[in-house]
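> Take the sequence shown: its letter number 85 is residue 152 in my numbering, and every next letter is one higher.
Built from N, CA and C at the ideal position, the CB exists for glycine as well.
For clarity, every value in this text was computed on a predicted model and none was experimentally measured.
Dropping the structure in here first, questions after.
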Amino acid sequence: MFDIERWQEIFESLSKNKLRTFLTCLSVASGIFILVILLGFSSGIQNGVKDQFQQDATTKMSIRTRTTTKGYKGLNPGRNIQLKMQDFLDVSRNYDDYLEYRSGNYSIWGSLINYKNESGNFRVQGVMPDFQFIANSDIAEGRFLNEADLNESKKVIVVGNKVKTDLFKGKSPIGEYVSIYGIQFKVVGVYYDPGGEREESNVYIPVTSAQKAFNGGDRVRDMTFTVPMSNSLDEALLLSQNLVAGIESDLKQKYTIAPDDTAAIRVDNTLEEAKKIYSLVDVIKAVFWFVGIGTIIAGVVGVGNIMIIIVKERTKEIGIRKALGAQPMSIVGMILQESIFVTMFSGLLGLVSGLGLLELVGPSIESDFIKYPQVDFNTALVTVLILVIAGTLAGFIPAYRAAKIKPIIALRDE
Numbered sequence: 068m069f070d071i072e073r074w075q076e077i078f079e080s081l082s083k084n085k086l087r088t089f090l091t092c093l094s095v096a097s098g099i100f101i102l103v104i105l106l107g108f109s110s111g112i113q114n115g116v117k118d119q120f121q122q123d124a125t126t127k128m129s130i131r132t133r134t135t136t137k138g139y140k141g142l143n144p145g146r147n148i149q150l151k152m153q154d155f156l157d158v159s160r161n162y163d164d165y166l167e168y169r170s171g172n173y174s175i176w177g178s179l180i181n182y183k184n185e186s187g188n189f190r191v192q193g194v195m196p197d198f199q200f201i202a203n204s205d206i207a208e209g210r211f212l213n214e215a216d217l218n219e220s221k222k223v224i225v226v227g228n229k230v231k232t233d234l235f236k237g238k239s240p241i242g243e244y245v246s247i248y249g250i251q252f253k254v255v256g257v258y259y260d261p262g263g264e265r266e267e268s269n270v271y272i273p274v275t276s277a278q279k280a281f282n283g284g285d286r287v288r289d290m291t292f293t294v295p296m297s298n299s300l301d302e303a304l305l306l307s308q309n310l311v312a313g314i315e316s317d318l319k320q321k322y323t324i325a326p327d328d329t330a331a332i333r334v335d336n337t338l339e340e341a342k343k344i345y346s347l348v349d350v351i352k353a354v355f356w357f358v359g360i361g362t363i364i365a366g367v368v369g370v371g372n373i374m375i376i377i378v379k380e381r382t383k384e385i386g387i388r389k390a391l392g393a394q395p396m397s398i399v400g401m402i403l404q405e406s407i408f409v410t411m412f413s414g415l416l417g418l419v420s421g422l423g424l425l426e427l428v429g430p431s432i433e434s435d436f437i438k439y440p441q442v443d444f445n446t447a448l449v450t451v452l453i454l455v456i457a458g459t460l461a462g463f464i465p466a467y468r469a470a471k472i473k474p475i476i477a478l479r480d481e
């Protein structure tokens, strides 16, 4: 700690260059302030991206088929490929060791659902019990579908919060019956979804019930799977890519599809999209760090310049101190203390201002891809510490020069 006299000396020394000192402090503080704000928004972007991907399982793979675009082995293009339940069972069996959750699905778009005098158009999805975890849905009331519902093709249904609000007007729907194209289904559960109203406009029934009730036969619209999430995103991505390649190859061989026909089988791999977005977020964060550090370096250079000016103006004082027996290290320490004071004061000012602005403005930012912009306080303090070290190094050169001044030369300085 500095004593009172030393504090007074520092203030007197800096006050002789009020404008330069003010501009230097402003430059350093603004550098930390800008860096804190940029880091806060990069964290907000990362939180927003994660929130978007967490609306569904991050490791989800969706497989659906379309029309062939190329002839192969004597077969013309334009063939419609239809997935069957056996395809789902084959994939589940062949790749069982690598899969976490799985569901064969039969969807009906824009179905009219009636409850007493209320009605609405909602998407009906015939799914399997694992779909709750694939869709990342949480049960608000009742339960989700189970194996007994699936095996017995029960006429049961799980509705979203929006469906509950629109049809049941806030009343608990558990045990009530709704009608889909004249077929009665008993409500056994209500779910909520992080995706909001859009995702909560779906209703789920057992896939076997959907196939029987709506003439689906053994057809499935698509198949969805998830792979276990490993500690490394790259490892999970490699596993999912290998699985996709294997499943796609099996289906193309089974349905006689050209290996280079990329349209006949469509695979959506959430991990690949996540990898692209996370890589982009890392690039954005690196750019933010680059801009912030660049601003801080400009401030540190300013600290070095003002220390040179201070040493120049105090040359005679330094000569007197050395003539009275002051050691070179005490001269270095005197200059470094002023450099440290400027950088620490400015750094803390910029840090507090940046954190305060994020706390004030952050909660009011409502965007799908920017959520909860904030900066880890330890990271911010480490940044200030690095700034102080840099400021110390910036002040060391003029301090070292001051320590080397010979008293006789310093006393002649005008």
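Please state whether the Cβ-Cβ distance between M152 and D285 is less than 8 Å.
With respect to D285, M152 sits close: the two C-beta atoms are nearer than 8 Å.
> Along the chain, where does the beta strand (DSSP E) that runs through I247 open and close?
Y244 to I247
> I need the boundaries of the alpha helix (DSSP H) containing K140, first residue and last residue.
DSSP places K140 in no alpha helix (DSSP H); its state is neither H nor E.
> Using a threshold of 8 Å, state whether the C-beta atoms of D197 and P273 are closer than that.
Taking the C-beta atoms as reference points, P273 is found no nearer than 8 Å to D197.
> So what's I272 in DSSP terms, helix, strand or just coil?
Three-state DSSP puts I272 in a strand.
> Is the CB-CB distance between L427 and A447 below 8 Å?
no
> Alpha carbon to alpha carbon, how far is F235 from G171?
Taking the straight line from one Cα to the other gives about 29 Å.
> Among all the DSSP beta bridges, which residues are the ones paired with T293?
K127
> Just to check my reading of the structure: I314 and V158 have Cβ atoms closer than 8 Å, yes? What is that Cβ distance to the nearest angstrom?
Contact check for I314 and V158: beta-carbon distance about 6 Å, within the 8 Å limit, so the pair qualifies.
> Measuring alpha carbon to alpha carbon, tell me which of S174, I130 and S110 ends up nearest A347.
The sequence as given places Leu at residue 347; Ala does not occur at that position. When each option's Cα is compared against that of L347, the closest is S110.
> Pull up the distance between the alpha-carbon of M290 and that of I201, whole angstroms please.
11 Å
> Assuming L425 contacts V442 under a Cβ cut-off of 8 Å, what Cβ separation, rounded to an integer in Å, is found between them?
7 Å
> Who are the near neighbours of V226 in its chain, counting only those whose CB is closer than 7 Å to its CB and skipping five residues on each side?
P240, V254, V257 and V270
> Let me know the secondary structure DSSP gives A447 once reduced to three states.
helix
> Is it true that the CB of I407 sits closer than 8 Å to the CB of V455?
yes
> Which residues does DSSP list as the beta-bridge partners of Q192?
S174 and Y271
> Is the Cβ-Cβ distance between N309 and V245 less than 8 Å?
It is not a contact, given that the beta carbons lie outside the stated cut-off.
> Round the Cβ separation of V287 and F155 to the nearest angstrom and send it over; I've been treating them as touching at under 8 Å.
6 Å
> Under 8 Å by Cβ, that's how I've got L166 and F292 pegged, so tell me the actual separation to the nearest angstrom.
5 Å
> Note down, in chain order, each residue of its chain lying with its Cβ closer than 6 Å to the Cβ of D205, except the 5 sequence neighbours on either side.
Y259
> Taking a contact to mean a Cβ-Cβ separation below 8 Å, would you say K140 touches D328 in this structure?
no
> What is the rounded straight-line gap between the Cα of K279 and the Cα of S220?
8 Å
> Would the beta-carbon of G283 fall within 8 Å of that of Y173?
yes
> Can you tell which of Q251, F108, A312 and F100 has the C-alpha that lies nearest to the C-alpha of G429?
Cα-wise, what sits closest to G429 is F108.
> Can you tell which of L304, G421 and E264 has its C-alpha closest to the C-alpha of S97?
G421
> Please state if the CB of T126 and the CB of V311 are separated by a distance shorter than 8 Å.
no
> If you compare alpha carbons, which of N188, K222 and G242 is closest to V230?
N188
> Assuming L212 and V191 are in contact, meaning their beta carbons sit under 8 Å apart, how far apart are those beta carbons, in whole angstroms?
Wrong, their Cβ atoms sit about 13 Å apart, outside the cutoff.
> In chain order, which beta strand (DSSP E) runs of at least 3 residues are fully inside the stretch 315-340?
332-336
> Here's a check: name, in chain order, each residue in its chain whose Cβ is nearer than 8 Å to the Cβ of I77, leaving out the five neighbours to either side.
Any reading at I77 needs caution, since the residue's pLDDT is 49, under 50, leaving its predicted position unreliable; the model's value is listed next. Excluding positions up to five away in sequence, the list reads F69, Q404, E405 and F408.
> Going by Cα to Cα distance, which pick from L415, K183 and P261 is closest to F100?
L415
> Which of the three DSSP states is assigned to V103 in this structure?
helix
> Where do the ends of the alpha helix (DSSP H) carrying F211 lie?
Run containing F211: none; DSSP gives neither H nor E here.
> Assuming G423 and L102 form a contact by the criterion Cβ under 8 Å, report the distance between their Cβ atoms to the nearest whole angstrom.
Actually they do not touch by this definition, with Cβ atoms about 15 Å apart.
> What separation, rounded to the nearest whole angstrom, lies between the Cα atoms of T337 and Q251?
35 Å
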